[in-house]
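Everything below concerns the one structure shown next.
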Amino acid sequence: FVELYDSHVERVYRYIHFLVPNNAVAEGLTFQAFCKAWEQLDRYQMLGTSFIAWLYLVARIQVSAYSRSHKDHAAPDNEFTLAARGGAFREEFQAIRDALKFLTADQQHALILKFVAGLPDKNIARLITKHEEDVRVFLMHSLYALTDRLIKTESRTITRSFRRVLEDCLMRILTGASTLNDCLVHYPAYAAQLEPLLETALFLD
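Residue numbers in the sequence shown follow the working numbering, run continuously in steps of one, and reach 206 at the last position.
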């Protein structure tokens, strides 16, 4: 278990750190998550998922419990938010954090697992109890909801053809195969819709 801790603690801490604006609290919740994981190893073995995916689920439960009991307390900034506010992404970073608050817990969780933690769709599906195909649709709608909130436009319908284009562009950009501009040139008919969504995804990543 110590070896598992050493292998995964940084990723779990980064996940919690993104959600909780306090270094000390993030460290404490990371420790709690691994304690719970140790206590509930038999439950993990029954789920049959990857260990890191299960750790994210345990971590999410710890963060949710903390948020419920401290919802009226203003937490100090962590190093991540302070660095962002002092850098080039100051306004964009704050806008992202503010916009995420208007999404559902599952939408926030799915976007963070996809773009911050980098989990594959099949693992995200298990963590938010959806089918893998449904997760892809859910991620697209969540990304749309976040982007719409950022640019303050009304929600738009995602057609199946556009979803395929968006998924293709996301895969190409996140793997380094193409740039955002490459995708806009490759899909000129969708460029106006693609640009704000891809920019949001890139910022999250």
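The C-beta atom is built at its ideal place from N, Cα and C for all residues, glycine as well. All of these numbers come straight from a predicted model, not from anything done at the bench.
Worksheet item: Buried or exposed: which applies to N182, given that a residue is buried once 16 or more other Cβ atoms fall within 10 Å of its Cβ?
Response: exposed
Worksheet item: In angstroms, rounded to a whole number, what distance separates the CA positions of A124 and H18?
Response: What sits at residue 124 in the sequence shown is Asn, not Ala. So the two alpha carbons sit approximately 21 Å from each other.
Item to complete: Find the nearest neighbour of L151 within the set L101, L5, V10 and R12, judged by alpha-carbon distance.
Response: L101
Worksheet item: Can you name, in chain order, every residue of its own chain whose Cβ lies under 7 Å from the Cβ of L58, other than the five neighbours on each side?
Response: L128
Worksheet item: Is Q41 buried or exposed, if buried means 16 or more other CB atoms sit within 10 Å of its CB?
Response: exposed
Worksheet item: Do you know offhand how far E200's Cα is from D135's?
Response: 23 Å
Practice prompt. Rank S65, C36 and A38 by C-alpha distance to the C-alpha of A106 and give the top, closest one.
Written response: S65
Worksheet item: Where does C36 land, buried or exposed, given buried means 16+ other C-beta within 10 angstroms?
Response: exposed
Practice prompt. Look at the alpha carbon of A27 and the alpha carbon of V21, and state the distance between them as a whole number of angstroms.
Written response: 6 Å
Item to complete: Under 8 Å by Cβ, that's how I've got Y45 and W55 pegged, so tell me the actual separation to the nearest angstrom.
Response: 5 Å
Fill in: Contacts around H187, its chain only, beta-carbon distance under 6 Å, and the 5 residues preceding and following it disregarded
none
Fill in: Given S143 as reference, the closest of R15, V166, P121 and F116 once Cα atoms are compared
F116
Item to complete: Determine the closest residue to A38 out of A25, V10 and S179, with distance taken between C-alpha atoms.
Response: V10
Discussion item. What does the alpha-carbon distance come out to for the pair S156 and L147?
Written reply: No answer about S156 holds up, because its pLDDT of 47 lies below 50 and its placement is not dependable.
Worksheet entry | CA nearest to the CA of L203, picked from L167, A190 and P189 | L167
Worksheet item: Taking the alpha carbon of R12 as the point to measure from, which residue in A96, L114 and V3 has its own alpha carbon closest?
Response: L114
Discussion item. Would Y16 and A118 qualify as a contact pair, given that the criterion is a beta-carbon distance under 9 Å?
Written reply: yes
Practice prompt. Go through its chain and collect everything with a Cβ distance to L112's Cβ below 8 Å, but skip five positions before and after it.
Written response: L101, L104, L140, S143, L144, L147 and L205
Fill in: Nearest residue (CA-CA) to A190, options S162, N24, A34 and I62
S162
Discussion item. Need the endpoints of the alpha helix (DSSP H) that V136 sits in, please.
Written reply: E133 to I152
Worksheet entry | Backbone CA spacing between I97 and Q109 [nearest angstrom] | 11 Å
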